[in-house]
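Read the structure below first, then the notes.
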Amino acid sequence: MKNQETGCRLAINNWRRLSPPLPDEYLRNSVQAIRGVTTVGVLLGQSVGWAARLLHEMVANHDDKAIREFVGSWVKNPYVYNMGRMFDSNSIQMASSPRFDIYGNEFGLGRGVAVLSGYANKFDGKVTLYPGRDGGGSIDLEVCLLPENMAAFECDEELLSLVNGEEAI
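What follows is the structure, given as C-alpha cells:
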C-alpha cells in the first residue's frame, strides 16, 4: 500500500497563464487538468503543508510553455476525455469554474448560503472548489466521499485543525 501512487488532479485556469493572455471577450473555456503525484507512504509521512506545497509548485510551474506543449501533443494525438479514465480511487479531483461568480447570482431570494454542484458526476474523492462566499480569498469546498472515507476524514486531527483555522499550514 505504501508504494501505491496517489494524486490530486486540479482544474486550472489557463486564461492568464498564456502569453499573451486570452482577452476577456474570449467566449470559451481554457481550463486544463494538472496532477500532482506521490506515493501513499510518502504522503502519510509528511504534513498537510508538504502536500499543499506540492500542489502550489505544480500550479506555479504551469505556464505558457506547459500549456502549449500539452496542446501541441493533443493536436498530434487527439482524444476525447473518458471520465472513467480521468479518475482513480486512489486520488482526488478538485474542480470549479474560475470564470463563474457562483455567489454573484441573485434571483430575488437573497444571497446564497452555500453552493452545491448537483447530483451529476459524483464519485468518491471529488472535491469542488468555489470562491468563498465571504470573499477575501476564502474558498468553499464541496467534498464527496463514501461514508467510510468521510468517517476517516472526520477523524484526521491535523486536517481538522487546519479546516477549523486552529493551525497554519
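Numbering (the UniProt record's numbering), first residue to last: 1 to 169. C-beta atoms are modelled at their ideal positions from N, C-alpha and C, and glycine is treated no differently.
The straight-line gap separating the alpha-carbon atoms of residue 77 and residue 6 is approximately 26 Å. DSSP links residue 148 through a beta bridge to no other residue.
In the three-state scheme derived from DSSP, where H, G and I count as helix and E and B as strand, residue 76 is classed as helix. When DSSP states are grouped into helix, strand and coil, residue 133 belongs to the coil group. Unbroken alpha helix (DSSP H) stretches of 4 residues or longer found wholly inside the stretch 41 to 70: 48 to 60, given in chain order. For residue 160, the uninterrupted alpha helix (DSSP H) segment begins and ends at 157 to 163. Under the three-pair Cβ rule at 8 Å, the stretch 110 to 130 counts as touching the stretch 142 to 154.
Counting along the chain, the unbroken beta strand (DSSP E) around residue 32 starts and ends at 31 to 39.
Rounded to the nearest whole angstrom, the CA to CA distance from residue 22 to residue 61 is 19 Å.
For residue 10, the enclosing beta strand (DSSP E) starts and ends at 5 to 13.
The stretch 101 to 117 and the stretch 47 to 62 do not touch, with fewer than three beta-carbon pairs separated by less than 8 Å. With 16 or more other CB atoms across the displayed protein chains lying within 10 angstroms of its CB, residue 12 is buried. Secondary structure of residue 142 (DSSP, three-state): strand.
By the beta-carbon neighbour count (other beta carbons within 10 angstroms, threshold 16), residue 10 is buried.
Residue 122 is not bridged by DSSP to any residue. In the DSSP assignment, residue 94 falls within the beta strand (DSSP E) that extends over 91 to 95. The Cβ atoms of residue 129 and residue 48 do not sit closer than 8 Å to each other.
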